[in-house]
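Residue numbers (the working numbering): 417 to 1177. Below is one structure, written out as structure tokens; the observations come after it.
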Amino acid sequence: MIRGEKLLEVRRSPTEECAPRMSATPPPLPRSSLAVTCFGHALLFAWAAAVLPWRSGTTFAISLTVLALLHSSTGVLALLKRPHWLIWSWRALSIVSLLVFALMGGALAAGAIYVGKLYLKLGPPVATVLVAAFVLTSLLTLPVAVWGARHTWPRKARSLRSVGAGLSALVALLVFTLPLASSAARATPVSGADARIGSDIAELLDQHLQRSPISGDRTVGGVGPVKCKYPLDSGRLTIFVAHTWQRSPKAKCLQASHPADLRAQLKRLLRKRARPGSVVVVDVVRAVKPLSNSVPLVDALDVRPGLDGVCEDGRCLPAWKLTLSDVFSENRPLPAVPEVSYGFSADRVRDLLGSPEETRGRGLEGMVRIETETLTVDDTGVHRLVRTRPTPPALSKFAVESAVEAAQSYIVAAQERDGTFRYSLDPESGKEDRATLNLPRQAGTTYALCELDPGKRVRRTVQRALGAFEPTERRFGDISALQDAGIYGLGKSALPLLAMLRCREQVGPENDRLIGQLTRLMLRLQRENGSFYPELDVKTARGKGDHEILYAAGQAVLSLVLVEQQLGDLKGSQAEPLPSAEALKRAIDSAMGFYGGPYWPRPLRDFFFFEEGWHCLAARHALTSHRNDAYEQLCMDYVASRLRYVTRAAETSEPNFVGGYGLGDLFPPRNTATSGLGEALNASISIKQKRGLPVAEDKAILADLVTFLLRAQWTSAGCYACRVPRLVVGGFSQQLAAPDVRIDYVQHAMSAIGHGGRLLF
417 MIRGEKLLEV RRSPTEECAP RMSATPPPLP RSSLAVTCFG HALLFAWAAA
467 VLPWRSGTTF AISLTVLALL HSSTGVLALL KRPHWLIWSW RALSIVSLLV
517 FALMGGALAA GAIYVGKLYL KLGPPVATVL VAAFVLTSLL TLPVAVWGAR
567 HTWPRKARSL RSVGAGLSAL VALLVFTLPL ASSAARATPV SGADARIGSD
617 IAELLDQHLQ RSPISGDRTV GGVGPVKCKY PLDSGRLTIF VAHTWQRSPK
667 AKCLQASHPA DLRAQLKRLL RKRARPGSVV VVDVVRAVKP LSNSVPLVDA
717 LDVRPGLDGV CEDGRCLPAW KLTLSDVFSE NRPLPAVPEV SYGFSADRVR
767 DLLGSPEETR GRGLEGMVRI ETETLTVDDT GVHRLVRTRP TPPALSKFAV
817 ESAVEAAQSY IVAAQERDGT FRYSLDPESG KEDRATLNLP RQAGTTYALC
867 ELDPGKRVRR TVQRALGAFE PTERRFGDIS ALQDAGIYGL GKSALPLLAM
917 LRCREQVGPE NDRLIGQLTR LMLRLQRENG SFYPELDVKT ARGKGDHEIL
967 YAAGQAVLSL VLVEQQLGDL KGSQAEPLPS AEALKRAIDS AMGFYGGPYW
1017 PRPLRDFFFF EEGWHCLAAR HALTSHRNDA YEQLCMDYVA SRLRYVTRAA
1067 ETSEPNFVGG YGLGDLFPPR NTATSGLGEA LNASISIKQK RGLPVAEDKA
1117 ILADLVTFLL RAQWTSAGCY ACRVPRLVVG GFSQQLAAPD VRIDYVQHAM
1167 SAIGHGGRLL F
């Protein structure tokens, strides 16, 4: 109760005989404290009902809206001094709050159990989320319910017997209903879809492979949904066959009640319809599960990337088609934060299925989840897919070298006539994004090529790539800065500088003048404390800005380390005038002292870091010329903090995620984050070896990480649905369910695999 506030007393008059009977001396009803509490809760519930990803009209959205209205009415009545109406409003608010507490608590528990069964080994993370959500729900509903019951409920309803009976009923309801959530996650196996069917199909595909191939398109890239005549259920065998017919990809649904009939249909289709030598993809439906709406955030996880397909009204998309169609990155449950994507988009799936417009907004209603076994055949043989990918090569020196060579070939093929690199590529459609020059991306790709000793095979590519820098130069006396989009940022010049330095051995002194100009720029941009200004002020030709830019500072340190190592070779070249060895040493000492010391407080190092991988690369390169204990420790601390997120075999039920950088089994690990950590881990291992520290455990993690990246690389066998396979092979996507290939994804993965192989073999 707020000090000094006036209390309303309830006095029964003849006109109030209809009011609920209370005790002889009912407790006084609060005013200000009740109004403030109710208005605060009303705003919160109204926001949650409008913004959180409930479907309009669902129980959750309606419940929160009703709570917001009851809180508002109760607050208004408390201020208006209407005790009779206030009692009724507050009593209703108390009852609804209690119901919402029970409803949402049970729904959260059921959702957690459902997800835990669908995604194995998710018990601890799901329990943590459940407890947090349950505590928040309890704090917003239970105190209000108890407070209202104390002031407005009849004494009999508040007795220990009544409360005990209510709790017993709630516990009994949970005990009997929550096990249903566990069983609801399981799909129903299709009778007869056993291992023998898979073997029979593999045999038929092998026979198809023996036929003399004819020229033309050989993939099923761009194939649409498959249409089935009969419903998909556990009593009927169903397979989908994607193949090429008359230069167009086709999809056919075959159904039968007996395996022999299904085998005969497939044999006839392969003989009469499938183009000889073309790719064929066969999906055997092994289990089906009709879907329904429940907790919206759980609904978005009801289809697992790479494992599940979806059907509606007989139209179906297998798992590989869903992952290639980007449906797992287009669900944005929070309109206010469009950058956040979560789970899969039901509306996007309906667009791909060609469902009627009126089905949009229905959530999962009417959809069926299917679990399939997938086999493909191409000119390399018959492949069984796991998570839409063929079996990766075993970790070996040969596999590493082959992966690096394939990535280099991808980069070479991605170069444009002007020396820039194609930015991104959609594997299924073949659509290319030939964006304008991006200096850090251009330089990083070129640097990675030279790091792995490309030799004559890609020397011309490197030379043309470095030639793209000079047209972006702007001189400021004895310094120059590079720019794209009119921005003279530190990273726009630091990364091109270290690319030119690292590739100087391959291309000779042709970039020395620009190397000298940019070296003097790095020194000009250094602050007195050793850190670097993020930008160059074009009016004063001095550094400006108070913040740090991710990646750029590490790139600047690395560029100065490379200058120091090549100072003798650069003497007398067009790079002059160069800083003295003493001045360069002071600059590097100052930079390493800052970033190894006050830049990142030690209490944070066990828990959190920004992206410091370039500092690791700088520390590794400096091992032969410029050791700094604190700077090397920064790298080791950074890597140690990140290794806890690398999936190990004992921590996951999904073998294909082992070695990936992620957050458990719920979402596929990101190839890009894994590659970046791999680069830093390689550097950290090199530092530890130089210090004489044990690295056996680090190398074990590195082996898992490199194996994960080998699995993630696009190969000929994995390009069964690529529109133009030769453009895709050797590339890397962001993750399993985000198929676009980007040049920087390829650069980092190639570097992590190549340097990792050198440490492992």
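Glycine included, every Cβ here is placed at the ideal spot set by N, Cα and C. Model, not experiment: these values are computed from the prediction.
Checklist entry - What did DSSP end up calling residue 717 once you bin it into helix, strand or coil? => result If you number the sequence shown from 1, residue 717 lands on position 301. The answer is coil: DSSP assigns residue 717 none of H, G, I, E or B.
Checklist entry - Hey, how far is the Cα of residue 1158 from the Cα of residue 654? => result In the sequence shown, counting from the first residue as 1, residue 1158 sits at position 742. In the sequence shown, counting from the first residue as 1, residue 654 sits at position 238. For residue 1158 and residue 654, the distance between alpha carbons rounds to 36 angstroms.
Next on the checklist: Assess contact between the stretch 910-919 and the stretch 874-883, defined as three or more Cβ pairs (one per stretch) separated by less than 8 angstroms. Is contact present?
Outcome noted: yes
Item to check | Buried/exposed call for residue 678, threshold 16 Cβ in 10 Å | outcome: Translated into the one-based positions of the sequence shown, residue 678 becomes position 262. Answer is buried; the Cβ neighbour count reaches 16.
Checklist entry - Roughly how far, in whole angstroms, is the beta-carbon of residue 617 from the beta-carbon of residue 698, given that I think they are within contact range, below 8 angstroms? => result Here residue 617 refers to the residue found at position 201 when the sequence shown is read from its first residue. Here residue 698 refers to the residue found at position 282 when the sequence shown is read from its first residue. That pair is a contact at about 5 angstroms.
Next on the checklist: In this structure, how does DSSP classify residue 889 when only helix, strand and coil are distinguished?
Outcome noted: Along the sequence shown, read from residue 1 onward, the residue named residue 889 stands at position 473. Strand at residue 889.
Checklist entry - Pick from 551, 454, 1108 and 634: whose alpha carbon is nearest that of residue 1139? => result For the purposes of this step, residue 1139 is taken as residue 723 along the sequence shown, with counting starting at 1. Closest by alpha carbon: 634.
Checklist entry - If you drop the 5 nearest sequence neighbours on each side, which residues of the same chain put their C-beta closer than 6 angstroms to that of residue 799? => result For this step, residue 799 is matched to residue 383 along the sequence shown. Around residue 799: 792, 806 and 1133.
Next on the checklist: Using a 10 Å radius around the Cβ and a threshold of 16 neighbouring Cβ atoms, would you call residue 803 buried or exposed?
Outcome noted: Translated into the one-based positions of the sequence shown, residue 803 becomes position 387. It is buried - the Cβ of residue 803 has at least 16 other Cβ atoms within 10 Å.
Item to check | Cβ contact (3+ pairs, closer than 8 angstroms) linking the stretch 1057-1066 and the stretch 1093-1107 | outcome: yes
Checklist entry - CB residue 893 to CB residue 972, shorter than 8 angstroms? => result Within the sequence shown, numbered from 1, the residue matching residue 893 stands at position 477. Within the sequence shown, numbered from 1, the residue matching residue 972 stands at position 556. No, these two residues do not count as a Cβ contact at 8 angstroms.
Checklist entry - Between which two residues does the beta strand (DSSP E) harbouring residue 1102 extend? => result As a first step, residue 1102 must be located in the sequence shown, where it is residue number 686. Here residue 1102 belongs to no beta strand (DSSP E); instead the alpha helix (DSSP H) covers 1087-1107.
Checklist entry - In three-state DSSP terms, what is residue 727? => result As a first step, residue 727 is located in the sequence shown; it is residue number 311 there, counting from the start. Strand, per DSSP.
Next on the checklist: Restricting to Cα atoms, I'd like to know which of 837, 846 and 1125 is closest to residue 1135.
Outcome noted: Stepping through the sequence shown from its first residue, residue 1135 is reached at position 719. Answer by Cα proximity: 846.
Checklist entry - Cα-Cα, which of 1017, 842, 1083 and 980 is closest to residue 1218? => result Nothing can be reported for residue 1218: it is not among the residues displayed for the chain, which extend from 417 to 1177.
Next on the checklist: Tell me the rounded alpha-carbon separation between residue 730 and residue 706.
Outcome noted: Along the sequence shown, one-based indexing puts residue 730 at 314. Along the sequence shown, one-based indexing puts residue 706 at 290. Looking at the two C-alpha atoms, the distance is approximately 12 angstroms.
Item to check | Enclosing alpha helix (DSSP H) for residue 736 [first to last residue] | outcome: As a first step, residue 736 is located in the sequence shown; it is residue number 320 there, counting from the start. Start and end: 735-740.
Item to check | Integer Cβ distance of residue 1092 from residue 1164, believed to fall under 8 angstroms | outcome: The residue you call residue 1092 lines up with position 676 of the sequence shown. The residue you call residue 1164 lines up with position 748 of the sequence shown. About 6 angstroms separates the two Cβ atoms, so the contact holds.
Next on the checklist: With H, G and I counted as helix, E and B as strand and the rest as coil, what does DSSP make of residue 671?
Outcome noted: Here residue 671 is taken as the residue at index 255 of the sequence shown, counted from 1. Looking at residue 671 - three-state DSSP - the assignment turns out to be strand.
Next on the checklist: On a Cα-Cα basis, can you pick out the residue from 446, 897, 444 and 492 that is closest to residue 455?
Outcome noted: Working through the sequence shown from its first residue, we reach residue 455 at position 39. Among 446, 897, 444 and 492, the Cα nearest to that of residue 455 belongs to 492.
Next on the checklist: Measuring CB atoms only, is the stretch 1143-1152 touching the stretch 813-827, in the sense that at least three cross pairs come out at less than 8 angstroms?
Outcome noted: yes
Next on the checklist: Could you tell me which whole alpha helix (DSSP H) segments of length 4 or greater appear in the stretch 1010-1041?
Outcome noted: 1029-1037
Checklist entry - To the nearest angstrom, how far is it from the Cα of residue 739 to the Cα of residue 485? => result Your numbering for residue 739 matches position 323 in the sequence shown. Your numbering for residue 485 matches position 69 in the sequence shown. Their backbone Cα atoms lie some 42 angstroms apart in a straight line.
Checklist entry - What did DSSP end up calling residue 419 once you bin it into helix, strand or coil? => result Working through the sequence shown from its first residue, we reach residue 419 at position 3. At residue 419, the pLDDT of 43 sits below 50, so the modelled position is not reliable and the matter cannot be decided from this model.
Item to check | Bounding residues of the alpha helix (DSSP H) (the contiguous stretch that carries residue 1148) | outcome: Mapped onto the sequence shown, residue 1148 falls at position 732. Where residue 1148 is concerned, there is no enclosing alpha helix (DSSP H), given that its DSSP letter is neither H nor E.
Checklist entry - Just to confirm, does residue 1085 get its C-beta within under 7 angstroms of one of the non-hydrogen atoms of the ligand HEM? => result Questions concerning the ligand HEM fall outside what the structure shown contains, since it holds no ligand whatsoever.
Checklist entry - Where DSSP assigns a beta bridge to residue 897, which residues make up the other side? => result Translated into the one-based positions of the sequence shown, residue 897 becomes position 481. DSSP, once it has assigned bridges, lists 890 as partnering residue 897.
Item to check | Where the beta strand (DSSP E) through residue 791 begins and ends | outcome: Position 375 of the sequence shown, counted from the first residue, corresponds to residue 791. From DSSP, the beta strand (DSSP E) with residue 791 extends over 783-794.
Item to check | Test item: CB-CB of residue 816 and residue 1173 under 8 angstroms | outcome: If you number the sequence shown from 1, residue 816 lands on position 400. If you number the sequence shown from 1, residue 1173 lands on position 757. Yes, these two residues count as a Cβ contact at 8 angstroms.
Checklist entry - Just the Cα atoms here: how many angstroms apart are residue 759 and residue 744? => result The residue given as residue 759 occupies position 343 in the sequence shown. The residue given as residue 744 occupies position 328 in the sequence shown. Using only the alpha carbons, I get a separation of about 6 angstroms.
Checklist entry - Mind checking residue 674: buried by the 16 CB within 10 Å criterion, or exposed? => result For the purposes of this step, residue 674 is identified with residue 258 of the sequence shown, where counting begins at 1. Result: exposed.
Item to check | Proximal residues to residue 672 (C-beta, below 7 angstroms), its chain only, five neighbours per side dropped | outcome: Taking the first residue of the sequence shown as position 1, residue 672 is located at position 256. Taken in chain order, the residues that qualify are 653, 678 and 681.
Checklist entry - Can you tell me the Cα-Cα spacing of residue 886 and residue 812, whole angstroms? => result Along the sequence shown, read from residue 1 onward, the residue named residue 886 stands at position 470. Along the sequence shown, read from residue 1 onward, the residue named residue 812 stands at position 396. Near 40 angstroms, if we compare the C-alpha coordinates of residue 812 and residue 886.
Checklist entry - Considering residue 617, what are the terminal residues of the alpha helix (DSSP H) in which it resides? => result Within the sequence shown, the letter at position 201 stands for residue 617. Here the alpha helix (DSSP H) through residue 617 covers 611-625.
Checklist entry - Who are the Cβ neighbours of residue 646 in its own chain at under 7 angstroms, not counting the five residues just before and after it? => result In the sequence shown, the residue the question calls residue 646 occupies position 230. Excluding residues within five positions, the ones whose Cβ falls inside 7 angstroms are 652 and 671.
Next on the checklist: I believe residue 895 touches residue 942 by the beta-carbon criterion, under 8 angstroms. Please report the beta-carbon distance rounded to the nearest angstrom.
Outcome noted: Residue 895 sits at position 479 when you count from the first residue of the sequence shown. Residue 942 sits at position 526 when you count from the first residue of the sequence shown. With 8 angstroms as the limit, residue 895 and residue 942 do not qualify as a contact, their Cβ atoms being about 12 angstroms apart.
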